[in-house]
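These notes concern the structure reproduced below.
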Amino acid sequence: MNQIQQMQEVQEGLFAVKEQMPCLPKAIYFRRYELPSTLDESEQEEAAARILFFSQELGQWVGVSWHRLTEMLQKDYETFQTAIKKQVRSLDEQEQIRLAIQRYHIFCIVTFGIYGLFAKKPTIIQEAEVPLDENIPFSGIFLHGSRYVIIGIHRLVKKGLLRHVRKGESESALDVFFPTPALVSCIMKKQGTAR
378 MNQIQQMQEV QEGLFAVKEQ MPCLPKAIYF RRYELPSTLD ESEQEEAAAR
428 ILFFSQELGQ WVGVSWHRLT EMLQKDYETF QTAIKKQVRS LDEQEQIRLA
478 IQRYHIFCIV TFGIYGLFAK KPTIIQEAEV PLDENIPFSG IFLHGSRYVI
528 IGIHRLVKKG LLRHVRKGES ESALDVFFPT PALVSCIMKK QGTAR
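Numbering (our numbering), first residue to last: 378 to 572.
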């Protein structure tokens, strides 16, 4: 119960880590939600990277509430779906133009070129590939769903690399996941930055 009373909220859903950590958050390098080849399983690597992401952004070690994590997952998934819809729409438009050009050529052949005198030839729009949004991280949730990160979190807690603190007993209980010195040391060792 002492852990719960000592939780100091830094921002909504983010709580200060009271333990002494082996380094500052900025000393650990990772791309957005990726800690490749550091924790043996990609689920654990992404879960750890998502939790450490907040610490790096704030410049101090923080624990992350379950609610804040699910908001992050939902936002990333929605961004991904929006980008996919844009790409599909672009491909559909290109296919429509291709079919119109094909139809134009067939009618010109069948009418011995007379169709071309009366109908305007469809023009090809420069096929500019719609790039994926820069804000879309590389993530296993797009293939495996949010369960991918949940499994990673549970495995990290089981290994003692994350500390799970729960305030309350009902469904509205506050669950917070704190990075541990063991997690940070493990990552530093794999990255070759351990002292």
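By construction, the Cβ of each residue, glycine as well, lies at the ideal position given by its N, Cα and C atoms.
Worksheet item: Run through DSSP, which three-state label would residue 392 get?
Response: strand
Worksheet item: Do residue 554 and residue 441 have their CB atoms nearer than 7 Å?
Response: yes
Worksheet item: residue 386 bridges to which residues according to DSSP?
Response: 392
Worksheet item: CB-CB under 7 Å to residue 426, same chain, minus the five flanking residues each way: which ones, in chain order?
Response: 407, 410, 411 and 412
Discussion item. Can you look up residue 381 in the DSSP assignment and give me helix, strand or coil?
Written reply: Since pLDDT at residue 381 reaches only 48, below the 50 mark, its modelled position is unreliable, and the value read off the structure follows with that caveat. Helix, per DSSP.
Discussion item. Do residue 421 and residue 529 count as a contact pair if the criterion is CB distance below 7 Å?
Written reply: yes
Discussion item. With distance defined between alpha-carbon atoms, name the residue in 550, 417, 416 and 401 nearest to residue 433.
Written reply: 401
Practice prompt. Determine the extent of the beta strand (DSSP E) in which residue 532 is found, giving its start and end residues.
Written response: It is not in any beta strand (DSSP E) - residue 532 instead sits in the alpha helix (DSSP H) that spans 524-536.
Fill in: Nonlocal neighbours in the same chain, by C-beta distance under 6 Å from residue 539, ignoring five residues either side
533 and 554
Worksheet entry | Exposure label - residue 390; buried when at least 16 CB within 10 Å | buried
Practice prompt. Give the C-beta separation of residue 423 and residue 525 to the nearest angstrom, bearing in mind that I take them to be a contact with Cβ-Cβ under 8 Å.
Written response: 7 Å
Practice prompt. Jot down the residue ranges of each uninterrupted beta strand (DSSP E) in the region 429-457, minimum 3 residues, whole runs only, in chain order.
Written response: 439-442
Discussion item. Using C-beta distances below 8 Å, list every residue in its chain close to residue 557, excluding the 5 sequence neighbours before and after it, in chain order.
Written reply: 396, 537, 538, 539 and 540
Worksheet item: Any idea if residue 469 is buried or exposed, counting beta-carbon neighbours within 10 angstroms, 16 or more meaning buried?
Response: exposed
Fill in: Length of the line joining the Cα atoms of residue 562 and residue 449
25 Å
Discussion item. Can you determine whether any heavy atom of the ligand MN sits closer than 6 Å to the C-beta of residue 553, and answer yes or no?
Written reply: Among the ligands in the structure shown, none appear at all, so the ligand MN cannot be discussed.
Worksheet entry | Unbroken alpha helix (DSSP H) run spanning residue 558, endpoints | 558-568
Item to complete: Rounded to whole angstroms, what's the CA-CA distance from residue 380 to residue 542? Just pull it up for me.
Response: Only weak support is given to the placement of residue 380: the predicted model assigns it a pLDDT of 49, under 50, and the value that follows is read from those uncertain coordinates. When rounded, the distance between both Cα atoms is 7 Å.
Fill in: Assigned secondary structure, residue 411 (DSSP; H/G/I helix, E/B strand, else coil)
strand
Discussion item. What does DSSP give as the partner residue(s) for residue 554 in the beta ladder?
Written reply: 441 and 541
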